[in-house]
Amino acid sequence: MNINTKIIYHGSHKAVVNAIDILRRDMNAAFCSSDSDGGAIKLIESDMPEEQFEIKDGNIYAADDLGFIYGLLHISQHSLGIPPFWFWYDFRVKPADNAEVGDYKSAPARIRFRGWFLNDEILLTHWTPGGDALLPWKMAFETILCCGGNMVIPDTQVTREHSALAASYGLWLTHHHAEPLGADMFVKAYPDLVPSYQTYPDKFQKLWEDGIEWQKDFKVIWNLGFRGQGDTPFWDSDKNTEYDTDEKRGGLISGIIRLQYDMIHKKVYEPVCCAYLYGEMMELYRKGCLDLPEDIIKIFADNGYGKMVSRRIGLDNPHTVALPDENDSQYGIYYHVSYCDLHSCSHITQAGVSLGFITRELGNAFQKGADDYLVVNCSNIRPHVFMLAAISDLWKGEKFDVYQFAETYFVEKKAADAFLDYASAAVLFGEHEDEAAGDHFYNFSVRAFTSDLMKNRDHCTAMEWATGSLPIKEQLTWFQEKCAEGEKNYKEFLEKHAREWGKLYESTVILHGRLHYHGYRGGSLFVRACEELFHNNCISAFYFTGLAAEEFEMADRLLRESEYGVWEGFYANECFADFKFTAYMLRNFMFYIRNLSDGPGFWNWPRELFYDASDRKVWLQMNHDNRDTDEVLFEKMKGER
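So the sequence shown is numbered by my numbering: it starts at 16 and just counts up by one.
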């Protein structure tokens with residue numbers, strides 16, 4: 016084939032036409048101009064299994080849209096040499112005159128339904144490359160297909176525009192575990208009403224009916240369930256004391272699921288349904304308090320850190336196995352390569368667990384029969400490409416070649432070593448191997464301690480999840496030990512792996528190592544400041560707080576410096592880990608410390624720090640010059656030291 020090759024399709028299905036456009040775009044990138052005839056690639060309907068295709072004599076044979084789509088994308092990848100994550104990892108193909116289209120027959124994927132959940136997508140929602148707000152979603156849906164996926168949860172909260180766009184790519188739609196049937200949440204539709212099913216069953220049911228109605232012509236895996244108005248149990252939103260036992264709560268949820276099941280079957284022919292055994296649902300399921308339809312897919316979830324165990328809820332972390340006991344039904348997995356638990360997770364950095372760990376966890380789950388469904392929480396995609404690439408090979412039933420991955424995107428095969436070593440630098444915040452601290456850990460902890468110290472509290476309640484109920488000084492000691500370990504580990508990681516291997520390498524795994532290094536170093540300096548404060552050495556406390564703030568400012572600066580080309584503005588809305596706001600809080604903490612010691616006059620510190628000894632004790636005038644801002648004072652202190 017060459018630039019002049021025709022693609023002949025006599026159908027009109029939008030998803031197939033879209034895939035033809037993708038291949039044509041890739042051909043324009045991969046081929047030089049030519050006067051030679053390129054022949055034609057014909058799409059020919061054939062009696063083949065669902066989603067399968069065969070390429071023979073340059074033509075694609077398939078029985079359905081996804082079969083043709085995968086066939087077209089196979090040519091793009093294997094004939095033109097354009098890999099699945101080309102957009103997210105800056106891949107540029109070298110144009111050639113022509114390429115061979117070899118015969119090929121596809122094999123079934125290991126997992127029936129497989130795809131991504133674009134959750135906590137705070138970067139994608141504010142990033143508009145080339146002024147196109149939909150481009151991030153277009154590229155996400157294309158990449159899922161290039162990875163052999165067939166399913167997506169398009170965003171955290173139902174956005175019909177994104178759902179319709181995903182459907183136009185040929186993907187199955189499914190739903191957030193807190194948004195059954197893809198319906199609007201009750202508090203969104205009725206913000207002034209208490210979200211009580213007992214009080215407003217008709218309003219809840221109307222929302223579910225509307226959800227079915229607007230999606231009934233799409234391919235949908237219908238999520239059944241009933242949770243609160245967020246990632247919480249329903250009894251957090253509805254305080255009705257009638258549901259005060261596990262049996263009563265499970266009874267209500269089971270009844271609602273049966274009702275939703277019947278509603279769908281009235282409007283959709285042979286629907287595919289699922290239910291998430293997540294959070295409180297897993298607990299009720301294990302206790303035998305849920306009665307679910309036999310033919311739905313029951314979805315187990317990891318704990319957010321890649322381990323197939325129950326997730327932490329508040330201070331409760333039982334770490335109980337979250338997998339089916341018997342392979343007697345349809346089971347699936349909700350899995351995180353990105354997570355946001357607000358206090359210790361990885362969101363803008365690669366998770367701190369190893370490739371081997373993830374391979375074992377998923378492999379074990381598949382062996383247990385949880386192989387009908389796999390949705391992977393991918394958040395903003397680019398920070399997590401490495402793990403997403405590995406998992407896509409797993410769901411296809413293939414083995415991930417990390418060195419081939421590195422050679423494809425970085426040219427240097429040795430770049431694989433950094434990705435493989437990355438997990439060994441992670442700091443464990445708990446006793447389990449999966450409890451690897453991410454970019455939220457030092458940011459959240461510093462903000463939590465700073466907030467409570469400025470409230471004059473002697474215990475930080477927000478840190479009990481990690482330290483238990485200890486005095487704040489002991490909590491800070493625990494945090495200092497973690498920060499010292501992290502600073503050391505990531506310094507060694509960077510010394511070993513930082514290389515001049517181009518912007519992509521600098522802006523992915525090396526960026527992640529640098530963010531962690533500056534975050535942990537900032538945490539260490541913050542604890543040093545607190546120690547000085549506890550000893551009433553306020554000038555030193557002020558100074559070390561300023562140094563801590565600079566570390567978090569440096570991390571934020573590294574994020575923004577990693578933006579280039581299409582990635583300009585990618586981190587503009589980085590509001591979860593939020594290095595910049597941690598620095599802002601520390602800057603405010605500086606004034607808090609200064610006020611404790613030098614307010615309200617604010618003339619003692621300048622005298623002590625900068626006046627000549629002969630003038631320091633002369634009090635005919637309180638101050639000789641304008642008072643400095645905290646920033647100016649801090650810069651002068653750095654100059655003196």
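Each residue gets a CB set at the ideal place from its N, CA and C atoms; glycine is no exception. Treat the numbers as computed from the prediction; the structure is a model and nothing was measured.
- It is roughly 27 Å from the alpha-carbon of Ser51 to the alpha-carbon of Ile84.
- Within the stretch 51-98, the complete beta strand (DSSP E) runs of at least 3 residues fall at 55-60, 68-71 and 74-77.
- A contact between stretches requires three or more CB pairs, one per stretch, nearer than 8 Å, and the stretch 638-654 meets this requirement with the stretch 606-620.
- Take the alpha-carbon of Gly303 and the one of His447: they are about 28 Å apart.
- Excluding the 5 residues flanking it on each side, Leu138 has same chain C-beta neighbours closer than 7 Å at Asn395, Phe585, Tyr586, Asn588 and Glu589, in chain order.
- Between Pro195 and Leu222, the C-beta spacing is not below 7 Å.
- Here DSSP, grouped into helix, strand and coil, assigns Leu208 to coil.
- Burial check for Lys322: the Cβ neighbour count within 10 Å reaches 16 or more, so the residue is buried.
- Contact between the stretch 437-457 and the stretch 524-534 is present: 3 or more CB-CB pairs across the two stretches fall below 8 Å.
- Comparing alpha-carbon positions, the option among Glu583, Phe604 and Ser612 lying closest to Pro151 turns out to be Glu583.
- In the three-state reduction of the DSSP assignment, Asn165 falls in the coil class.
- For the pair of segments examined, the stretch 146-161 was found not to touch the stretch 208-223: the number of CB pairs separated by less than 8 Å stays below three.
- Counting every other CB atom within 10 Å of its CB across the protein chains shown gives Tyr284 a total below 16, marking it as exposed.
- With contacts defined by Cβ atoms closer than 7 Å, Ser269 and Asp306 form a contacting pair.
- Around the Cβ of Thr597, a 10 Å sphere holds 16 or more other Cβ atoms; the residue is buried.
- Non-local beta-carbon contacts of Leu188 in its own chain, meaning distances under 8 Å to residues more than five positions away in sequence, involve Met166, Val167, Ile168, Pro169, Ser178, Ala181, Ala182, Gly197, Gln230, Phe233, Lys234, Val235 and Ile236 in chain order.
- In this chain, the beta strand (DSSP E) harbouring Arg129 covers Phe128 to Phe132.
- Of the candidates Cys553, Arg602 and Phe549, Arg602 places its Cα closest to the Cα of Glu566.
- By alpha-carbon distance to Arg375, the top candidate from Val108, Asp449 and Tyr532 is Asp449.
- Assignment of beta-bridge partners to Tyr258 by DSSP yields no partner.
- Residue nearest to Arg656 within the set Asp571, Leu562, Lys632 and Phe549 is Leu562 (criterion: CA-CA distance).
- Taking C-alpha positions only, Gly329 is separated from Asp317 by approximately 16 Å.
- The three-state secondary structure of His474, taken from DSSP, is coil.
- Shown here, Asn392 sits in a strand according to DSSP, grouped into three states.
- In the three-state scheme derived from DSSP, where H, G and I count as helix and E and B as strand, Trp582 is classed as helix.
- Looking at the backbone, the Cα of Tyr258 and that of Pro248 are separated by about 12 Å.
- Inclusion of Ala337 and Ser325 in the CB contact set at 7 Å is warranted, their separation being smaller than that value.
- Secondary structure of Ile525 (DSSP, three-state): helix.
- Shown here for Val400: same chain residues with a beta carbon closer than 7 Å to its own, the five before and five after excluded, namely Phe100, Trp103 and Tyr104 in chain order.
- From the listed residues Tyr276, Asn332, Pro333 and Tyr320, the smallest Cα separation to Pro308 is found for Tyr276.
- Distance from the CA of Lys383 to the CA of Ser555, rounded to the nearest whole angstrom, comes to 57 Å.
- In this chain, the alpha helix (DSSP H) harbouring Tyr607 covers Phe594 to Asp613.
- When the beta-carbon positions are compared, Leu389 and Ile348 come within less than 7 Å of each other.
- Nearest in C-alpha terms to Asp340, of all of Phe381, Val202, Ser361 and Met278, is Phe381.
- Measuring C-alpha to C-alpha distances from Gly130 to each of Gly453, Arg472, Asp387 and Thr465 identifies Asp387 as the nearest.
- If you look at Cys289, you'll find it in the beta strand (DSSP E) that goes Val287 to Leu292.
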